[in-house]
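K.L.:
2 protein chains.
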Amino acid sequence: MAKCSLNKNTRQRQLSRYLEEDPFLTDEDLACILKVSVQTIRLDRFDMQIPELRERVKNVARGGRQLRTMAGGELVGDLVDLEIGNSGMSILPVTPAMTLSKTSVARGHHIFAQANSLAIAVIDAGAALTGAARVSYKRPVYCGEKILAKAVIKIKKGNKYMVKVTSEVKDEIVFKGKFLVFALQEEGVPQ
Amino acid sequence: MAKCSLNKNTRQRQLSRYLEEDPFLTDEDLACILKVSVQTIRLDRFDMQIPELRERVKNVARGGRQLRTMAGGELVGDLVDLEIGNSGMSILPVTPAMTLSKTSVARGHHIFAQANSLAIAVIDAGAALTGAARVSYKRPVYCGEKILAKAVIKIKKGNKYMVKVTSEVKDEIVFKGKFLVFALQEEGVPQ
DNA sequence: AAAAAATTAGTACCTGGTACCAAGAATAGT
DNA sequence: ACTATTCTTGGTACCAGGTACTAATTTTTT
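Protein sequence lines correspond, in order, to chains G and Z. Following my numbering, the numbering of the first sequence begins with -1 at its first residue and continues without gaps. Following my numbering, the numbering of the second sequence begins with -1 at its first residue and continues without gaps.
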C-alpha cells in the first residue's frame, strides 16, 4: 500500500498545485495532466475538499471583484494630456482598494505605478522599460483624493531617457520621481 | 408596437443594469425579477450580446485575478518567508496581465510593487509607508517567470527603516532596490 | 381583420459536474 | 501463496444552466 499511497499523495499535492496555478482546469483536464481517470480526480477533490470548477470560478470571481486599479491598460490612471517625446499628465483617483486597510493611506506602489507608467507613456517608442528610478514620497495620500502626475522628459541620449515625474494633490506635491527609461526597438525582444 | 417596443427596450436596459450590479444572476432569476419568461430573457441576452452566466462569472474571475495582485491583499506576491523586524521573501509569478502586451515583458511597477510591499511587510509595525526608494532593473522579466524577492532590514532609526530588496529569477538578479520606510503609529492617522 | 412583432412553450443536446454502485487492479499482512 | 484492504476505474442516473432550434400564442400595428 506504500507505493500506492505515495502515488496518491503526490498526485493530490500536484493536483492542488495545478489548481492553485490555474483554478479554471476541469476534472477532465486534470485527469489528462495527471494520467488518471476522471473518477480518480473526483475522489481526490472530494478527499481534499476542493470544490468543483464552477464553484472555484465563482470564488475567484467574488474574491477578486473589487476596484480596478492596475489591471486594464498599460497605463495606471487616466491620461489627460500627452505630448509624446516631451511631457504628459495623468490623474489617478485613490480608491479604497488602493489603500492600507487600516489607515486609508494609499500604498506607495500605486503612486509609483502611476508615475512609472506615465514616464513610459511619454517616451516616443512602441515599448519602453524602466531601468532605474529614484523616488520620494512627500506626504501620504488618502482615499478619495485625486493624484495629478506630471511627467517631463529631461534628457534623451539614444534610446535612454530621463523622465521627471511630479505628483500633486490639489497643488501640493505628494511624490517626486526620476525615471531612467529605455526605449525598446520593436523587434529583438525575446519571448 | 410602440408600447411593446418601449417595454422591450426598457426591460433590456433594466436587464443590463441588474447584471452589472450582479453578474451572478441566472436567466431564471432575471425572468422572475422582470416578470417575463426565461426564453424572453435569453432572446434579450442574445440581442444585447450578453454571454451566459458561466461565461460572465469566468470573465469576472479572470478580470479579478489580474486585479487581485495589486488590489486584493496588502502584499503583492506570495509570502514564503517572513521574520518580522528582520527579513522576508515573496514569490510573484508573472502573468500575461502584468506584461506589456507587445513584448510579454513585465511592467516595471509590478516588480516594484512586489519589492515595495515586501519591504513594508518586514517592518514591525501595524502600518508603514514608503518615504523614498532607489531602484534599478537589471534585466527584463518575462511572462511565466517567477520573481523571488528577498528583503532585509539594513538600518533602523526610530520609526525609520532602510530595507534592501533583491529580486531574482532562477538565481539571476533582475531588480535591486533600497526602500526608506516609515512606521506609522497606530493612531493619529487622519482619515 | 390581416400582417408583423414580441413572447412563450417545447424539444434535443451540451458541459461539468454529483451521487451512487460495482468491477478490476494493486498492495499489505499473514 | 492467499486473502483482505485499499485504490482505481467504469457505468449509470440525475442536475443546473445553459445553446439551438421550431412552433404556437399573444400583442401590437397598420
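All C-beta atoms, glycine included, are put in the ideal place defined by N, C-alpha and C.
Tell me the rounded alpha-carbon separation between residue 143 of chain G and residue 34 of chain Z.
P.N.:
Here residue 143 of chain G corresponds to residue number 145 of the first sequence, with the count starting at 1. Here residue 34 of chain Z corresponds to residue number 36 of the second sequence, with the count starting at 1. Approximately 44 Å between the Cα atoms of the pair.
K.L.:
Would you mind stating whether residue 51 of chain G and residue 24 of chain G have Cβ atoms separated by less than 7 Å?
P.N.:
Here residue 51 of chain G refers to the residue found at position 53 when the first sequence is read from its first residue. Here residue 24 of chain G refers to the residue found at position 26 when the first sequence is read from its first residue. Yes, these two residues count as a Cβ contact at 7 Å.
K.L.:
Can you find a CB in chain G that lies within less than 7 Å of the CB of residue 97 of chain Z?
P.N.:
As a position in the second sequence, residue 97 of chain Z is number 99, starting the count at 1. No, no contact with chain G.
K.L.:
Distance check for residue 161 of chain G and residue 152 of chain G, CA to CA, integer angstroms please.
P.N.:
Here residue 152 of chain G corresponds to residue number 154 of the first sequence, with the count starting at 1. Here residue 161 of chain G corresponds to residue number 163 of the first sequence, with the count starting at 1. So the alpha carbons of these two residues sit roughly 6 Å apart.
K.L.:
Suppose contacts are defined by Cβ-Cβ distances below 7 Å. Is residue 176 of chain Z in contact with residue 132 of chain Z by that definition?
P.N.:
Locating residue 176 of chain Z in the second sequence gives position 178, counting from the first residue. Locating residue 132 of chain Z in the second sequence gives position 134, counting from the first residue. A contact, by the Cβ cut-off of 7 Å.
K.L.:
Kindly say whether residue 134 of chain G, judged by its beta-carbon, lies nearer than 7 Å to any beta-carbon of chain Z.
P.N.:
Walking along the first sequence from the start, residue 134 of chain G turns up at place 136. Judged by the 7 Å Cβ criterion, residue 134 of chain G is in contact with chain Z.
K.L.:
Can you tell me the Cα-Cα spacing of residue 108 of chain Z and residue 31 of chain G, whole angstroms?
P.N.:
To locate residue 108 of chain Z, count along the second sequence from 1; it is residue 110. To locate residue 31 of chain G, count along the first sequence from 1; it is residue 33. C-alpha separation (whole angstroms): 31 Å.
K.L.:
Consider the Cβ of residue 176 of chain G: report whether some Cβ of chain Z lies at a distance smaller than 7 Å.
P.N.:
The count along the first sequence starts at 1 and reaches residue 176 of chain G at position 178. No, its Cβ sits nowhere closer than 7 Å to a Cβ of chain Z.
K.L.:
Please classify residue 178 of chain Z: does DSSP put it in a helix, a strand, or coil?
P.N.:
By 1-based counting over the second sequence, the position of residue 178 of chain Z is 180. Strand at residue 178 of chain Z.
K.L.:
Shortest alpha-carbon distance to residue 8 of chain Z belongs to which of Z/26, Z/46, Z/37 and Z/36?
P.N.:
For the purposes of this step, residue 8 of chain Z is taken as residue 10 along the second sequence, with counting starting at 1. Selected option, being the one with the closest Cα: Z/46.
K.L.:
With a 10 Å radius around its C-beta and 16 neighbouring C-beta atoms as the bar for buried, classify residue 88 of chain G as buried or exposed.
P.N.:
Looking up residue 88 of chain G in the first sequence gives position 90. Result: buried.
K.L.:
Starting from residue 147 of chain G, follow its DSSP beta bridges and name the residues at the other end.
P.N.:
Numbered from its first residue, the first sequence carries residue 147 of chain G at position 149. According to DSSP, which records beta bridges pairwise, residue 147 of chain G is partnered with G/88 and G/165.
K.L.:
Pick helix, strand or coil for residue 45 of chain G, following the three-state DSSP scheme.
P.N.:
Position 47 of the first sequence, counted from the first residue, corresponds to residue 45 of chain G. Residue 45 of chain G: helix per DSSP, three-state reduction.
K.L.:
If I follow the unbroken alpha helix (DSSP H) through residue 119 of chain Z, where does it start and stop?
P.N.:
Stepping through the second sequence from its first residue, residue 119 of chain Z is reached at position 121. Start and end: 106 to 119.
K.L.:
Under 9 Å between beta-carbons, which chain G residues line up against residue 114 of chain Z? List them in chain order, please.
P.N.:
Taking the second sequence and counting its residues from 1, the one referred to as residue 114 of chain Z is at position 116. Result: 105, 106, 107 and 110.
K.L.:
What are the boundary residues of the alpha helix (DSSP H) that includes residue 26 of chain G?
P.N.:
The residue given as residue 26 of chain G occupies position 28 in the first sequence. Here the alpha helix (DSSP H) through residue 26 of chain G covers 25 to 32.
K.L.:
Can you give me the start and stop residues for the beta strand (DSSP E) that residue 132 of chain G sits inside?
P.N.:
Here residue 132 of chain G refers to the residue found at position 134 of the first sequence. Unbroken beta strand (DSSP E) run through residue 132 of chain G: 125 to 135.
K.L.:
Answer with buried or exposed for residue 179 of chain G, where buried requires no fewer than 16 other C-beta atoms within 10 angstroms of its C-beta.
P.N.:
The residue labelled residue 179 of chain G in the question sits at position 181 within the first sequence. Burial call: buried.
K.L.:
For residue 15 of chain Z, count neighbouring Cβ atoms within 10 angstroms of its own Cβ and tell me buried if that reaches 16, exposed if not.
P.N.:
Locating residue 15 of chain Z in the second sequence gives position 17, counting from the first residue. When all chains shown are included, residue 15 of chain Z counts as exposed.
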